[in-house]
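Colleague: First, the structure itself, so that you have it in front of you.
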Amino acid sequence: MSTTHVDLALEGMTCATCAGRIEGALAAVPGVIATVNFATERASVEIDGVTDATVLIAAITKVGYGARVIDREQRETEAPVDPVLTARVIVSLALATPVFLMSMIPAWQFDGFQWVAAALTTPIVTWGAWPFHRAAIRNARHGATTMDTLVSLGVAVAYLWSMYALFFTMAGMIGMRMDLALFGYSPHSLYFESAAVVTAFVLLGRLLESSSKRAAKMSLTALLNTAAKQAILLIDGREVTVPAGAVQKGDTFVVLAGGIVPTDGRIIEGQSAIDASAVTGESVPVPVGVGSTLIGGTINAGGRLVVEATAVGAGTELARLTQMVEEAQAGKAPVQKLVDRISAVFVPLVIVAAVAGGIVWFAITGDATHAVSIAAATLVVACPCALGLATPMALLAGTGRGARSGIIIRGTDVLESTRRVTTVVVDKTGTLTSGHPSVVDVLGDGVSADTVLGEAARVEMGTDHPLARAVVAEATTRGVMGDVARGIVAEPGRGVTGTLGTTVIRAGSLEWLAETSHAVPTSIVAAAADWTSAGRSLVAVAHGDRVVGLIAISDVIKPSASVAIRALSKLGIRTVMASGDNAAVAEVVAHEVGIDEFYGAMNPADKRDLIARLQQRGEVVAMVGDGINDAAALAQADLGIAMGHGTDVAIETSDIVLVSTDLRRVADAIRLSRSTLGTIRGNLVWAFGYNAIAIPIALAGVMGPAVAGLAMAFSSVFVVLNSARLATFRTS
Amino acid sequence: MSTTDFGVTGLTCNHCVMTVSRAAALVPGVTGVSIDLVANGQSTLHVESDAAVDAVALDKAIVEAGYELVH
Chain A
37 MSTTHVDLAL EGMTCATCAG RIEGALAAVP GVIATVNFAT ERASVEIDGV
87 TDATVLIAAI TKVGYGARVI DREQRETEAP VDPVLTARVI VSLALATPVF
137 LMSMIPAWQF DGFQWVAAAL TTPIVTWGAW PFHRAAIRNA RHGATTMDTL
187 VSLGVAVAYL WSMYALFFTM AGMIGMRMDL ALFGYSPHSL YFESAAVVTA
237 FVLLGRLLES SSKRAAKMSL TALLNTAAKQ AILLIDGREV TVPAGAVQKG
287 DTFVVLAGGI VPTDGRIIEG QSAIDASAVT GESVPVPVGV GSTLIGGTIN
337 AGGRLVVEAT AVGAGTELAR LTQMVEEAQA GKAPVQKLVD RISAVFVPLV
387 IVAAVAGGIV WFAITGDATH AVSIAAATLV VACPCALGLA TPMALLAGTG
437 RGARSGIIIR GTDVLESTRR VTTVVVDKTG TLTSGHPSVV DVLGDGVSAD
487 TVLGEAARVE MGTDHPLARA VVAEATTRGV MGDVARGIVA EPGRGVTGTL
537 GTTVIRAGSL EWLAETSHAV PTSIVAAAAD WTSAGRSLVA VAHGDRVVGL
587 IAISDVIKPS ASVAIRALSK LGIRTVMASG DNAAVAEVVA HEVGIDEFYG
637 AMNPADKRDL IARLQQRGEV VAMVGDGIND AAALAQADLG IAMGHGTDVA
687 IETSDIVLVS TDLRRVADAI RLSRSTLGTI RGNLVWAFGY NAIAIPIALA
737 GVMGPAVAGL AMAFSSVFVV LNSARLATFR TS
Chain B
385 MSTTDFGVTG LTCNHCVMTV SRAAALVPGV TGVSIDLVAN GQSTLHVESD
435 AAVDAVALDK AIVEAGYELV H
């Protein structure tokens with residue numbers, strides 16, 4: 037039996053419980069293994085045998101959700117803002133404002149105002165609150181209660197009771213004024229303002245949240261766009277420019293200097309250096325020649341190459357990375373919203389209390405209307421309108437504060453996770469280091485260091501090799517740059533020859549110079565051994581056949597790196613470095629910045645596995661990276677932090693993006709996410725708290741009509757002010 | 385070097401773009417191909433060539449690939 041893979045786009049999920057339910061429904065289909073990702077609204081399904089996608093979709097539809105197959109070729113590129121949600125928010129807010137004002141300010145209560153309030157509230161509680169009713173009904177079918185249930189119930193009861201009171205009690209009398217006493221029973225209380233404001237605020241909260249969720253959806257399309265857009269096919273010796281996807285396995289294509297390699301292949305002609313920093317994280321370009329394999333998405337830093345395609349489309353290294361990122365994301369346990377976790381317990385309790393209260397009151401008074409009014413008041417006051425604002429306000433304040441310091445929080449879902457980061461894994465190239473090779477040491481034998489540097493720069497001037505660029509840049513900085521040498525000849529992968537005056541100058545690999553020169557001076561041999569073991573790249577310089585100097589080039593550590601690592605240690609966080617470079621380079625950097633633990637020569641899968649291992653040990657892991665090679669690890673981590681100068685993919689798969697290259701922002705970002713979570717919790721405690729106090733008052737039958745309104749006002753003001761405190765957050 | 389535009393119908397997705405690009409690239413004299421996709425409508429095929437494109441050969445290549453050139 038063969039296994040096939042299907043990706044489904046899901047509709048109608050409102051919380052993590054829904055994700056679990058869909059997963060259960062899919063698992064019930066024979067031969068199916070499925071993971072559901074709540075954040076991306078996707079299901080990743082492995083089918084063993086004959087079952088096809090229609091069976092899966094039917095299973096999902098049966099439990100009340102929608103699904104459709106995603107064609108891997110045609111991922112949706114964007115999910116536009118839901119225009120209906122926006123309309124619901126605007127209309128509800130516009131109508132709720134006058135309802136609230138006329139209900140709360142006695143002076144504004146004109147004759148018959150209650151009928152106007154009823155008319156204005158009707159569209160809010162029906163059309164505006166429809167998403168909550170729909171979700172509540174869907175949940176009810178499974179015996180589940182979420183925040184939607186609470187909102188739907190509170191709004192519906194408030195509205196229906198008020199309508200009853202309006203038509204069948206004296207509350208409907210023209211000239212009636214609302215009694216604003218806090219205590220005392222009133223059989224004709226109206227709760228229109230409660231129904232209207234709760235709906236409007238919770239809808240507003242939804243809109244604020246949806247904008248952050250939308251950004252996360254864009255994530256994977258970027259990965260595919262990293263690949264080259266165009267390729268130059270070689271057909272019967274003729275070069276034809278075609279869209280990159282048209283290349284097939286076995287085709288021959290040309291990659292020009294500076295061009296992006298369109299797909300994986302093997303070189304059949306030419307020599308060059310490949311800059312694979314975006315894909316593999318190696319900071320220094322690798323020399324390649326006939327027979328070398330190339331990864332699609334890397335950059336040809338040297339000469340023209342003729343390449344045979346060895347893998348295309350889904351078979352390429354880049355596609356494998358894409359899949360790895362998807363798997364990491366799909367495997368991630370969805371974070372259940374705090375508010376839903378609380379609601380799951382709170383709602384059943386409130387319903388039981390309301391019903392019990394109603395029964396008790398009926399037993400005492402024998403008055404059914406009275407008993408129902410008590411139950412209704414209990415349900416109405418239990419639904420705090422601050423509930424809808426508690427999470428979004430804190431997220432908004434937290435993300436706003438972060439943005440001012442260059443900390444862009446994308447995945448707000450992770451901020452709701454109650455788990456605290458215990459370990460930070462950092463990538464080396466581009467994260468701890470600048471990512472650009474620079475000259476770090478120059479040695480002259482019989483000539484000055486400046487002479488060595490200047491001469492090397494003058495012959496390497498026209499070369500677009502990153503090591504050559506580093507030499508030229510350093511020579512320019514030191515002011516030892518002269519005219520370009522004459523008769524420059526480059527031997528790709530080896531070095532450059534040119535003439536200055538009457539002297540033939542060669543600059544290139546020490547091996548190349550040693551082959552054609554007399555003995556290499558011992559000082560240079562010794563320095564070469566030292567520098568190589570320190571992970572530096574070398575450029576040797578020769579006058580004629582005498583080697584006279586050596587230049588060490590290395591990726592330099594950012595000045596902020598060690599400060600940042602110390603800041604993390606101070607927060608009680610363990611630091612781990614994962615580098616694509618060899619162990620020697622990794623060790624040097626790790627020791628210099630004071631990293632607790634380091635790993636070298638790690639490919640993307642290794643990095644992801646390292647994080648998975650740490651997570652299995654019970655650590656909560658944040659990953660900091662910038663390359664495509666970090667993407668899977670960023671997705672796997674509990675908190676993914678991308679450096680802003682990094683590749684699109686790293687940025688898109690992360691939860692937090694740091695705009696500046698200053699590594700100290702990592703500690704700030706972690707502290708900010710902790711503060712934001714603390715604020716969300718505080719908000720929820722108070723949102724529920726004020727109303728929890730009001731419930732016994734309602735049950736006792738002494739709740740005045742204004743209590744619901746006041747509880748709402750107090751908790752909302754508290755939530756707004758408490759969230760605003762995040763603005764005082766200080767960065768290091 | 386000149387660019388000639390052709391209308392092509394029958395393309396629905398990126399996969400079709402690749403198939404048509406490939407078919408057009410194989411036509412002698414062609415040096416570059418790109419397509420503006422209009423799914424289920426008339427897409428535009430831009431063909432670069434040193435001399436004038438052999439329209440008959442191009443037509444044949446596109447039809448063989450399962451699509452249609454608009455005349």
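So the protein sequences, as listed, match chains A and B.
Note that this note's numbering numbers the first sequence so that position 68 is 104, with each residue one more than the last.
Note that this note's numbering numbers the second sequence so that position 28 is 412, with each residue one more than the last.
Using N, Cα and C, we set each Cβ at its ideal position, and we do this for glycine too.
(1) If we cut at 8 Å on Cβ distances, does B/T415 have a partner in chain A?
(2) Could you have a look at A/R530 and say whether DSSP puts it in helix, strand or coil?
(3) What is the DSSP secondary structure of A/T262, counted as helix, strand or coil?
(4) Can you tell me where the beta strand (DSSP E) with A/D774 in it begins and where it stops?
(5) Within 8 Å of any Cβ in chain A, is that where the Cβ of B/M402 sits?
(6) Apart from the five residues just before and just after A/Q284, which ones in its own chain have a Cβ nearer than 8 Å to its Cβ?
(7) Note the first and the last residue of the continuous beta strand (DSSP E) segment covering A/S484.
(8) Which residue's Cα is closest to the Cα of A/L239: A/W166, A/G301, A/G179, A/P279?
(9) Starting from A/P384, trace the beta strand (DSSP E) in both directions and tell me its first and last residue.
(10) What residue ranges within the stretch 339–367 of chain A form continuous alpha helix (DSSP H) runs of no fewer than 4 residues, ordered along the chain?
(11) In whole angstroms, what separates the C-alpha of B/F390 from that of B/H455?
(12) Could you tell me which chain B residues have their CB closer than 8 Å to the CB of A/T277, listed as they occur along the chain?
(13) For A/L269, go through chain B and note every residue whose CB falls closer than 8 Å to its CB, in chain order.
(14) Spell out the partners DSSP gives A/F289 in its beta bridges.
(15) Since I believe A/A703 is in contact with A/A597 (beta carbons under 8 Å), could you give me their beta-carbon distance rounded to a whole number of angstroms?
(16) Just the Cα atoms here: how many angstroms apart are A/A485 and A/N665?
(17) Exposed or buried, A/G518, counting other C-beta atoms within 10 Å across all chains shown (16 or more means buried)?
(18) Starting from B/D443 and walking both ways along the alpha helix (DSSP H), at which residues does that stretch end?
(19) Anything in chain A within Cβ reach of B/S405, meaning under 7 Å, just list it in chain order.
(20) So who's on the other strand from A/Q150, going by DSSP bridges?
(21) Is there a Cβ from chain A that is less than 8 Å from the Cβ of B/N424?
(22) Spatial neighbours of A/A312 within its chain, please: CB distance less than 7 Å, with the 5 preceding and 5 following residues excluded, ordered by chain position.
(23) Assuming contact is defined by CB atoms lying nearer than 8 Å, are A/T458 and A/V656 in contact in what I supplied?
(24) Would A/I731 and A/A411 be called neighbours here (beta carbons separated by less than 8 Å)?
(25) Looking at A/A418: is its Cβ nearer than 8 Å to the Cβ of A/V755?
(26) If you compare alpha carbons, which of A/G482, A/L202, A/V187 is closest to A/A153?
(27) For A/Y635, which residues does DSSP report across the bridge?
(28) Looking at C-beta atoms only, is the number of pairs between the stretch 715–725 of chain A and the stretch 460–478 of chain A that lie closer than 8 Å three or more?
(29) Relative to the C-alpha of A/P473, which residue among A/G434, A/V575, A/A413 is closest?
(30) Who are the Cβ neighbours of A/L546 in its own chain at under 8 Å, not counting the five residues just before and after it?
(31) How long is the line joining the alpha carbons of A/I647 and B/T428, rounded to whole angstroms?
(32) Please go through the same chain and pick out, in chain order, the residues whose beta-carbon is closer than 6 Å to the beta-carbon of A/A407, but skip the five residues on each side of it.
(33) List the endpoints of the continuous beta strand (DSSP E) containing A/Q652.
(34) Smallest Cα separation from A/Y195: which of A/T235, A/T182, A/P279, A/A172?
(35) Under a CB-based cut-off of 8 Å, is A/A485 close to chain C?
Modeller: Taking the coordinates as given:
(1) The residue labelled residue 415 of chain B in the question sits at position 31 within the second sequence. Yes, contact with chain A.
(2) Here residue 530 of chain A refers to the residue found at position 494 when the first sequence is read from its first residue. The three-state reading of DSSP puts A/R530 in coil, since its state is none of H, G, I, E or B.
(3) Locating residue 262 of chain A in the first sequence gives position 226, counting from the first residue. A caution first: A/T262 carries a pLDDT of 47, below 50, which makes its placement in the model unreliable, though a value can still be read off. Coil.
(4) Outside the modelled stretch of chain A, which goes from 37 to 768, sits residue 774 of chain A, for which no answer is possible.
(5) Here residue 402 of chain B corresponds to residue number 18 of the second sequence, with the count starting at 1. So, interface residue.
(6) Position 248 of the first sequence, counted from the start, is the residue given in the question as residue 284 of chain A. Here the set comprises A345, V348.
(7) Position 448 of the first sequence holds residue 484 of chain A. In the DSSP annotation of this structure, A/S484 is not part of any beta strand (DSSP E), being labelled neither H nor E.
(8) Residue mapping note: residue 239 of chain A aligns to position 203 of the first sequence, counting from 1. If you compare the alpha carbons of A/W166, A/G301, A/G179, A/P279 with that of A/L239, the shortest gap goes to A/W166.
(9) As a working note, residue 384 of chain A is residue 348 in the first sequence. Counting along the chain, A/P384 falls outside any beta strand (DSSP E), though it belongs to the alpha helix (DSSP H) covering 374–401.
(10) For the stretch 339–367 of chain A, whole alpha helix (DSSP H) runs of length 4 or above, ordered along the chain, are 353–366.
(11) To locate residue 390 of chain B, count along the second sequence from 1; it is residue 6. To locate residue 455 of chain B, count along the second sequence from 1; it is residue 71. If you take the alpha carbons of B/F390 and B/H455, they lie about 8 Å apart.
(12) As a working note, residue 277 of chain A is residue 241 in the first sequence. Within 8 Å Cβ-Cβ: T415, G416, V417, S418, E432.
(13) In the first sequence, the residue the question calls residue 269 of chain A occupies position 233. The contacting residues are A409.
(14) Position 253 of the first sequence holds residue 289 of chain A. A/L269, A/V343.
(15) For the purposes of this step, residue 597 of chain A is taken as the residue at position 561 of the first sequence. For the purposes of this step, residue 703 of chain A is taken as the residue at position 667 of the first sequence. Approximately 12 Å separates the beta-carbon atoms of A/A597 and A/A703; this is outside 8 Å, ruling out the contact.
(16) Numbered from 1 along the first sequence, position 449 holds the residue referred to as residue 485 of chain A. Numbered from 1 along the first sequence, position 629 holds the residue referred to as residue 665 of chain A. So the alpha carbons of these two residues sit roughly 37 Å apart.
(17) As a position in the first sequence, residue 518 of chain A is number 482, starting the count at 1. Taking all protein chains in view, the Cβ of A/G518 is surrounded by fewer than 16 other Cβ atoms within 10 Å, so the residue is classified as exposed.
(18) Here residue 443 of chain B is taken as the residue at index 59 of the second sequence, counted from 1. First-last of the alpha helix (DSSP H) with B/D443: 439–448.
(19) Numbered from its first residue, the second sequence carries residue 405 of chain B at position 21. Within 7 Å Cβ-Cβ: V278, P279, A282.
(20) Here residue 150 of chain A refers to the residue found at position 114 when the first sequence is read from its first residue. According to DSSP, which records beta bridges pairwise, A/Q150 is partnered with nothing at all.
(21) Along the second sequence, read from residue 1 onward, the residue named residue 424 of chain B stands at position 40. Closer than 8 Å: no.
(22) Along the first sequence, one-based indexing puts residue 312 of chain A at 276. For A/A312, the CB contacts under 7 Å within the same chain, skipping 5 residues up- and downstream, are E318, V322, I331, T334 in chain order.
(23) Position 422 of the first sequence, counted from the first residue, corresponds to residue 458 of chain A. Position 620 of the first sequence, counted from the first residue, corresponds to residue 656 of chain A. Yes, the pair counts as a contact, with Cβ atoms nearer than the cut-off.
(24) Within the first sequence, residue 731 of chain A is the residue found at index 695, counting from 1. Within the first sequence, residue 411 of chain A is the residue found at index 375, counting from 1. Not a contact, by the Cβ cut-off of 8 Å.
(25) As a working note, residue 418 of chain A is residue 382 in the first sequence. As a working note, residue 755 of chain A is residue 719 in the first sequence. A distance of 8 Å or more separates the beta carbons of A/A418 and A/V755.
(26) For the purposes of this step, residue 153 of chain A is taken as residue 117 along the first sequence, with counting starting at 1. That would be A/L202, whose Cα lies nearest to the Cα of A/A153.
(27) Start at 1 with the first residue of the first sequence, and residue 635 of chain A comes out as number 599. Paired residues: A/A614.
(28) Contact fails: fewer than three Cβ-Cβ distances are below 8 Å.
(29) Taking the first sequence and counting its residues from 1, the one referred to as residue 473 of chain A is at position 437. With respect to the C-alpha of A/P473, the residue from A/G434, A/V575, A/A413 having the closest C-alpha is A/V575.
(30) On the first sequence, position 510 is the one that residue 546 of chain A refers to. Excluding positions up to five away in sequence, the list reads V556, I560, A564, L574, A576, V583, L586.
(31) For this step, residue 647 of chain A is matched to residue 611 along the first sequence. For this step, residue 428 of chain B is matched to residue 44 along the second sequence. In a straight line, the C-alpha of A/I647 is about 47 Å away from that of B/T428.
(32) Reading the first sequence from its first residue, position 371 is the one you call residue 407 of chain A. Excluding sequence neighbours, A/A407 sits near G394, W397, F398.
(33) On the first sequence, residue 652 of chain A is found 616 positions in, with the first residue counted as 1. Note, A/Q652: premise wrong, no beta strand (DSSP E); alpha helix (DSSP H) at 640–652.
(34) Numbered from 1 along the first sequence, position 159 holds the residue referred to as residue 195 of chain A. Nearest C-alpha to A/Y195: A/T235.
(35) Absent here is chain C; the protein component of the structure consists of chains A and B.
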